[in-house]
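As structure tokens, the structure follows; a few thoughts come after it.
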Amino acid sequence: MKTKLSLLSAAILTASLTMMPAISQAAIPMAVDGQSVPSLAPMLERTTPAVVAVAVSGTHVSKKKIPDAFRYFFGPNAPQEQVQERPFRGLGSGVIIDANKGYIVTNNHVIDGADEILIGLHDGREVEAKLIGTDAESDIALLQIKAKNLVAVKRADSDELRVGDFAVAIGNPFGLGQTVTSGIVSAMGRSGLGIEMLENFIQTDAAINSGNSGGALVNLNGDLIGINTAIVAPGGGNVGIGFAIPANMVNNLVDQIIEHGEVRRGVLGVSGRDLTSELAQGFGLDTQHGGFVDQVMTDSAADKAGIKAGDIITSVNGRKIKSFQELRAKVATMGAGAKVEFGLIRDGDEESVTAVLGEASKTIEAAAGAVHPMLAGATLENSDDGVEITDIAQNSPAAASGLQKGDVIVGVNRSSIDDLKSLKATLKDQQGAVALKIKRGKSSLYLVLR
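If you read the sequence shown in numbering that gives the first Met the number 0, its first letter stands for residue 0, the second for the next number, and so on.
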């Protein structure tokens, strides 16, 4: 493991910066009044020491039930499950956000299941890292190292980003060593991709490849605007569609992990959907951006703030939102107890309300409507057998589907379901009606969602 990281560290010291030109070469004169050609090198010299290589190792443990027909041959004391252990190694990137305390942000999927985490610094040093906390739903992890002379990146206000702003990605693709690519912000508020449970991504065409996960997306000042996390790669390589978690979202999560050792997720208490052109036309609205509120949970933060079914939420703390998914991601990454101002449209009039967010269960939860429209109104949590419905609102789509409190979703059509992430991923790929396999008490049944 250390030998591998040593090679990476050496590569970091000799890394070359690969840059995609922001404008055509023909448009850039070789010199203007004796001045040199514009370059990102001065900014990168200040910023790249804050981006690190992350090397992990551990053991994946998988359990497989042994069929009764085979257990018979080994007698009554035969084990019910076969346990397999498989060692693994992985490479990724991270960003130093606090030089004095040694805090490093990376993706949860980079360090998930790791027994050992080693950090390769820009100057060649190798330091063992301690895991402070994670949030699997947003794919953020916070590490800490003890080292001197660290350089931290300054964090920007990612809500100020606009499509067309220049962006620079810094990371460790394919274990080559530190690499820099450039592009622009291609889109904001990307969601519904099925990558994570909470999605509010910055999309960029700066080249992001395997190993860039957890690296930095910065602006031309070298300020952090996002943490690189995923790409769309139909052929396995970069096609100019990469995604980063916004810096403001990262800040909210990191602050909670530092203060509490975990994320205490905020809950508004509404279910809803994106505002479509059909809905906007039906309500006589000019805008097509926002989150349409289908239902407000009784005694929830939204209920106490006066939000009503039929409201269209258009902004959070004065910042416009594009979709219900973006609303959900922003609320969920704010801490429980946070005081939040929501702009909304009610009966054609613009209003503003303030809500104090409630606290989600400490177990993993999801807004069920984001998993499937006909699950709206249900509270989903991971269980030993699959995904359990721990609560369900009366007259909700989930209740109309025949689901009941205590049901456990164990399959979709012919696919088994282990947790919320696999449920969401499986439903995302299904077209038309789907059959949920439900465990209800000692019985099993199928319910069809249309």
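For every residue, glycine included, the Cβ atom is placed at its ideal position computed from N, Cα and C.
A Cβ-Cβ distance of about 42 Å is found for the pair A206 and Q294, leaving them out of contact under the 8 Å criterion.
In the three-state reduction of the DSSP assignment, A398 falls in the helix class.
Spanning the alpha carbons of S314 and A399 requires a straight line of approximately 31 Å. Ranked by Cα distance from F165, the options Q83, G290, A186 are led by A186. When V231, G210, G213, G191 are compared, the shortest CA-CA separation from K423 is found for G191. In the structure shown, V355 adopts extended strand secondary structure according to DSSP, grouped into three states. Around the CB of H259, fewer than 16 other CB atoms lie within 10 Å, so the residue is classed as exposed.
Counting along the chain, I139 sits inside the beta strand (DSSP E) bounded by residues 139–143.
G188 sits close to K321, with the two beta carbons spaced by under 7 Å.
Three or more beta-carbon pairs separated by less than 8 Å are not found between the region 137–148 and the region 173–181, which leaves the two stretches without contact. I103 and I96 have their C-alpha atoms spaced approximately 6 Å apart.
Rounded to the nearest whole angstrom, the CA to CA distance from R154 to E198 is 20 Å.
Residue range 113–119 is occupied by the beta strand (DSSP E) that includes I118, with no alpha helix (DSSP H) assigned at that position. Unbroken beta strand (DSSP E) runs of no fewer than 3 residues, entirely contained in the region 162–248, are found at 165–170, 178–189, 200–203, 215–217, 223–230, 241–245, following chain order.
Shown here, N381 sits in a strand according to DSSP, grouped into three states. Counting other Cβ atoms within 10 Å of its Cβ, D406 reaches 16 or more and is therefore classed as buried. A distance below 6 Å between beta-carbons, with the five flanking residues on each side excluded, links A434 to the following residues of its chain, in chain order: N412, Y445, V447.
Beyond the five residues adjoining it in sequence on each side, A397 comes within less than 8 Å, by CB distance, of A367, M373, L374, A375, G376, A377, I388, I391 in the same chain, given in chain order.
Using a C-beta cut-off of 8 Å, the region 321–337 makes contact with the region 248–255, since at least three inter-stretch Cβ pairs fall below that distance. Between G89 and G305, the alpha-carbon positions lie close to 48 Å from each other.
In the three-state reduction of the DSSP assignment, T47 falls in the helix class.
With a 10 Å radius around the Cβ and a threshold of 16 neighbouring Cβ atoms, V269 comes out buried. Rounded to the nearest angstrom, the gap between the Cα atoms of K338 and L379 is 25 Å. Annotation for R264: A331, A359 place their beta carbon closer than 6 Å to its own, counting only its chain and skipping 5 residues before and after.
Annotation: I311 to V109 spans about 37 Å, alpha carbon to alpha carbon. Residue nearest to A243 within the set E261, L267, N211, R272 is N211 (criterion: CA-CA distance).
Here T313 carries a strand assignment [DSSP, helix/strand/coil]. Inter-segment contact for the region 48–57 and the region 210–226 is present: three or more beta-carbon pairs are separated by less than 8 Å. Nearest neighbour of G93 by Cα position, chosen from I116, P37, D384, V262, turns out to be I116. Of the candidates V82, D383, D156, V370, V370 places its Cα closest to the Cα of K420. When DSSP reads this structure, T133 sits in a beta bridge with A140. The alpha carbon of N148 has as its nearest neighbour, out of S157, V126, V167, R161, the alpha carbon of V126. Between P245 and G271, the C-beta gap is not smaller than 7 Å, which leaves the two residues out of contact.
T275 and S299 have their C-alpha atoms roughly 26 Å apart.
Non-local beta-carbon contacts of V231 in its own chain, meaning distances under 7 Å to residues more than five positions away in sequence, involve V238, I240 in chain order.
For A434, the enclosing beta strand (DSSP E) starts and ends at 433–439.
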